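K.L.:
Following this message is one structure expressed as structure tokens.
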Amino acid sequence: MATISLNIEFGGGLELLFSNQRSHRITIPANVPVSSATGQTPEDSDVPSKPVDITYLMYWLRDNLLKERAELFVENGTVRPGVLVLVNDTDWELEGEGEYQLKDGDEIVFISTLHGG
Amino acid sequence: MPPRTCALCNDARAILKRPKTGQQICKECFFYVFETEVHNTITEARLFKPGDRVAIGASGGKDSTVLAHVMKTLNERYKYGLELFLLSIDEGITGYRDDSLETVKRNQQQYDMPLKILSYDELYGWTMDAIVAQIGKKNNCTFCGVFRRQALDRGAAILNVDHIVTGHNADDIAETVLMNIMRGDIARLGRCTSICTQGEDTIKRSKPFKYAYEKEIVMYAYFKKLDYFSTECIYSPDAYRGHARAFLKDLEAARPSAIIDIIHSGEAFEINDDVKATQKLQQTCRRCGYMSSNELCKACTLLEGLERGMPTAAVTDRARRKLDADGPVPENLRTIPLFQLPSNLRQNAATAVEATS
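Shown next as structure tokens:
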């Protein structure tokens with residue numbers, strides 16, 4: 001099964017949901033079900049597949065790394081409003097948001113803006 | 001998706017979509033427009049004059065850390081001629097404020113500004129930890145809010161500054177507009193969008209980030225690699241504000257200009273004279289000398305309740321009557337030290353009294 005490696009960073013307090021660890025290096029499948037369901041891979045079923053994108057990554061992080069309060073990370077099928085996402089240091093709003101197709105070696109940063117000033 | 005070039009310089013690769021305008025801009029242009037907009041906010045409102053001594057209310061969080069950085073940058077770039085200070089309040093919350101104050105101490109070194117830390121413990125004889133141990137987590141935000149407001153003014157007086165700038169951003173102000181509407185607090189609705197609040201003889205408070213989006217503040221901190229602290233207060237956060245915030249963030253996701261639009265709506269409200277008239281006249285607290293709308297200021301009332309073991313006395317009228325019925329104030333009651341304005345404001349106040357007499 002083809003995989004890709006990613007660097008994940010959490011900031012702005014979001015790291016508290018992920019074992020209070022800011023940096024994570026992860027490996028995920030290169031192709032995933034169109035539904036973004038994280039429990040299965042296209043190889044082990046007949047589900048239609050797509051290249052892995054940030055929406056899949058978000059669910060994967062929720063199901064594999066997140067330790068508490070998932071509602072502070074994911075909301076209505078996207079990253080919770082108020083959490084900024086950067087793809088290789090670029091605002092994900094310029095990169096297609098959840099539909100951005102991940103490449104091997106990408107760095108994805110999630111920063112919460114919701115903590116006090 | 002192909003890389004896009006910056007809408008401002010047409011040269012470098014865009015890294016950010018501005019929520020206010022939808023423009024896609026590069027890193028250098030972002031720094032420049034963000035700083036310039038704050039500069040325009042400051043000059044249009046004529047917030048400062050050369051020689052002013054200004055304290056930055058610093059919590060170690062993102063907003064005040066970026067504010068300290070930007071104030072220093074603009075003061076040098078545009079020669080404001082300001083003397084800048086960092087002013088922090090230590091509420092005495094273990095595992096929260098002690099950590100964030102370490103960030104402020106690093107900021108002091110990084111920005112080369114004098115720092116004053118004033119604690120609830122030295123001012124009131126109570127830390128928030130001790131207050132919560134006595135009263136529980138309900139209502140503790142009331143104590144913290146009243147005590148912080150007064151502590152900032154007292155810290156400013158100690159530094160002999162007559163102006164405090166705070167990191168309140170556009171999102172905070174839009175949130176406050178919504179909260180005041182939802183609570184029907186029309187008097188506050190009329191005031192909450194002012195960039196600067198000041199009576200004739202009080203310490204000025206102003207918000208240079210009034211029009212700065214939280215998203216841009218966080219992006220600025222991220223790209224400048226500024227050192228800030230982010231953890232929620234461990235004592236129940238303000239739940240009502242939390243709802244307003246979640247609602248505002250949903251609005252922003254659908255239409256990013258919503259934040260600035262709500263501020264403009266707030267600014268455009270005309271408050272009826274009948275509503276204005278219900279605001280009480282300002283006087284001086286007879287116990288500690290701080291500004292107050294009653295004989296005793298809110299902080300003195302809260303402190304008396306804590307000291308006499310009836311901490312809700314200032315929160316509800318019923319408890320206040322019970323406190324009064326309990327007898328007169330004990331002679332050895334702990335009180336807050338006498339409040340004195342910074343020297344230049346004392347002169348102003350004295351002149352004002354002469355002029356009116």
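As given, the protein sequences belong to chains V and P, one line each in that order.
Going by the working numbering, the first sequence opens with residue 1, and the numbers climb by one from there.
Going by the working numbering, the second sequence opens with residue 1, and the numbers climb by one from there.
Even glycine gets a Cβ: it sits at the ideal position worked out from N, Cα and C.
These figures come from a predicted structure and were not determined experimentally.
Taking a contact to mean a Cβ-Cβ separation below 8 Å, would you say glutamate 75 of chain V touches valine 87 of chain V in this structure?
P.N.:
No; because the gap between Cβ atoms is not below 8 Å, this pair is not in contact.
K.L.:
Is there at least one Cβ from chain P nearer than 8 Å to leucine 102 of chain V's Cβ?
P.N.:
False, the Cβ-Cβ gap to chain P never drops below 8 Å.
K.L.:
For aspartate 326 of chain P, I'd like the list of residues in its chain whose CB is within less than 8 Å of its CB, leaving aside the five on either flank, ordered along the chain.
P.N.:
Result list for aspartate 326 of chain P: Arg308 and Met310, in chain order.
K.L.:
Over what stretch of residues does the alpha helix (DSSP H) that includes glutamate 68 of chain V continue unbroken?
P.N.:
Element bounds for glutamate 68 of chain V: n/a, residue is neither H nor E.
K.L.:
Closest by CA to glutamine 24 of chain P, which one among P/His243, P/Arg13 and P/Tyr240?
P.N.:
Out of P/His243, P/Arg13 and P/Tyr240, P/Arg13 has the C-alpha closest to the C-alpha of glutamine 24 of chain P.
K.L.:
Looking at alanine 30 of chain V and threonine 3 of chain V, is the spacing between their C-beta atoms short of 8 Å?
P.N.:
It is a contact, given that the beta carbons lie within the stated cut-off.
K.L.:
Can you tell me whether cysteine 9 of chain P is buried or exposed? The criterion is at least 16 other CB atoms within 10 Å of its CB, across all chains shown.
P.N.:
Exposed, since its Cβ has fewer than 16 Cβ neighbours within 10 Å.
K.L.:
What residue does the beta strand (DSSP E) around lysine 204 of chain P start on, and which one ends it?
P.N.:
That run of the beta strand (DSSP E) goes 204-206.
K.L.:
Which value, in whole angstroms, describes the spacing of the CA atoms of valine 66 of chain P and cysteine 288 of chain P?
P.N.:
One C-alpha to the other measures close to 34 Å.
K.L.:
Under 8 Å between the Cβ atoms of aspartate 171 of chain P and leucine 248 of chain P?
P.N.:
Yes, Cβ-Cβ distance for aspartate 171 of chain P and leucine 248 of chain P is below 8 Å.
K.L.:
Would you verify that the beta carbon of aspartate 53 of chain V is, or is not, closer than 8 Å to some beta carbon of chain P?
P.N.:
Chain P contact via Cβ: absent.
K.L.:
Buried or exposed: where does arginine 77 of chain P fall if 16 or more other Cβ atoms within 10 Å of its Cβ makes it buried?
P.N.:
Burial call: exposed.
K.L.:
Within 10 angstroms of its Cβ, does valine 177 of chain P collect 16 or more other Cβ (buried), or is it exposed?
P.N.:
Buried.
K.L.:
Using the Cβ count rule (16 or more neighbours within 10 Å means buried), how would you classify aspartate 63 of chain P?
P.N.:
Per the 10 Å Cβ criterion, buried.
K.L.:
Rounded to the nearest angstrom, how far is the Cβ of leucine 123 of chain P from that of valine 104 of chain P, given a contact under 8 Å?
P.N.:
Contact doesn't hold; Cβ gap of about 18 Å is too wide.
K.L.:
Quick check: what's the CA-CA separation for glutamate 214 of chain P versus valine 83 of chain V?
P.N.:
If I take the Cα positions, the gap works out to 11 Å.
K.L.:
In this structure, does DSSP put leucine 118 of chain P in helix, strand or coil?
P.N.:
Correct three-state label for leucine 118 of chain P: strand.
K.L.:
Consult DSSP for alanine 355 of chain P and reduce its assignment to one of helix, strand or coil.
P.N.:
For alanine 355 of chain P, the predicted structure reports a pLDDT of 46, less than 50, and the residue's modelled location is therefore unreliable. A value from the coordinates is still provided. Residue state, collapsed to three classes: helix.
K.L.:
Ignoring anything shorter than 4 residues, give me the alpha helix (DSSP H) runs that lie fully in the segment 91-175 of chain P, in order along the chain.
P.N.:
Within the segment 91-175 of chain P, the complete alpha helix (DSSP H) runs of at least 4 residues are 97-111, 120-124, 128-135 and 140-159.
K.L.:
Would you kindly check if the distance between the Cβ of phenylalanine 73 of chain V and the Cβ of leucine 17 of chain V is under 8 Å?
P.N.:
Contact flag set, yes.
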